[in-house]
Amino acid sequence: MPSDKNNKIPFNEDNYTHNIERNNERKLDRRGFMKTLVGAAGVFAISSLPWGMVAAKELMGLGEKEYPHKKITDVSKLAIGDAMNFKFPGDHDDAILIRLSEKKYVAYQNACTHLRCPVFWVKEEGEMICPCHHGKFDVETGVPTAGPPRRPLPEIQVKVENGAVYAVRVKRYEV
Amino acid sequence: MKFKFIGVALLCAFLMMNIVFTQFMVHQFYYENYINVLIFGGLNIVVFPLALYTYKKTKYEKA
Ligand code: FES
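Chains A and B, in that order, give the protein sequences. Read the first sequence against our numbering and you will find it ends at 176, with the numbers running on by one and no gaps. Read the second sequence against our numbering and you will find it ends at 1002, with the numbers running on by one and no gaps.
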């Protein structure tokens, strides 16, 4: 774009926003806006597909939702009031085991039900805390007691056998 | 009476429905109510042709 300003730098202009060409800005008119909305509907439709697919798969295979029992730790290695992390049922599903008393253990998948940050056990407060948005969960039940989470943490059934703690299955939500 | 923005209003309503259905779908998924996931996912999918139809019907609408 040849102009008389090109050879005089800095050219004499006290407009500090001269690089903004108001008249040639892209316009979003009514029809363009409608197109955007239709596109958004398409994106929503397509992004529903994977959820639907996984759901359908789960529905078909719900009968055999037993996972192989997995040893978490030895009883002697976990003091009362302490917690430890483990993986269950898959290798990428983080979970937390908390020993509440001599006999009582609780375990949950520790991905916060808000945005999946790892939840950890704070012994002094007797609560599970999610650091991301200050979510709190009740240890006994996994029910959220404060913060943004709305769903309880999925509970993992554990059993103690021969001085070791085993993860048995992930409990389904009670509907 | 202006008809120019009826299409826009309808499409906005569809977008709102999309958002609500998606929210439900994701929550029902994590609650493991997989039937509901399929229902809301399906609703999400039928909204798209509706939106497309609305757009086609109303794009030449004049004030
Ligand atoms: S991710 Fe846990 S509170 Fe937001």
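Beta carbons: idealized from backbone N, C-alpha and C, even for Gly. Quantities reported herein were computed from a predicted structural model and do not represent experimental measurements.
- In the three-state scheme derived from DSSP, where H, G and I count as helix and E and B as strand, L38 (chain A) is classed as helix.
- C-alpha of S77 (chain A) to C-alpha of E162 (chain A): approximately 12 Å in a straight line.
- Under the 10 Å beta carbon count, Y999 (chain B) is surrounded by fewer than 16 other beta carbons and is classified as exposed.
- A straight-line Cα-Cα distance of about 21 Å links D30 (chain A) and V44 (chain A).
- For Y167 (chain A), the uninterrupted beta strand (DSSP E) run begins and ends at 165-171, by DSSP.
- Distances taken from the Cβ of R117 (chain A) to the heavy atoms of ligand 1 include one shorter than 7 Å.
- At the C-beta level, A42 (chain A) and F963 (chain B) stay beyond 8 Å of one another.
- Of all residues in the stretch 85-108 of chain A, none comes within less than 8 Å of chain B when Cβ atoms are compared.
- Residue state for K996 (chain B) is assigned as helix, using DSSP reduced to three classes.
- Residues of chain B whose Cβ lies closer than 7 Å to the Cβ of M35 (chain A) are, in chain order, G946, V947, L950, Y994, K998.
- Counting every other CB atom within 10 Å of its CB across the protein chains shown gives A80 (chain A) a total below 16, marking it as exposed.
- The closest CA to that of P51 (chain A), considering only B:G981, B:C951, B:L991, is found on B:G981.
- Excluding the 5 residues flanking it on each side, Y109 (chain A) has same chain C-beta neighbours closer than 7 Å at A96, I97, G143, L154, P155, E156, I157, in chain order.
- Beta-bridge partners assigned by DSSP to I99 (chain A): A:A84, A:V107.
- For P149 (chain A), the distance from the CB to the nearest heavy atom of ligand 1 is below 7 Å.
- Taking every protein chain shown into account, the CB of A990 (chain B) has 16 or more other CB atoms within 10 angstroms, so this residue is buried.
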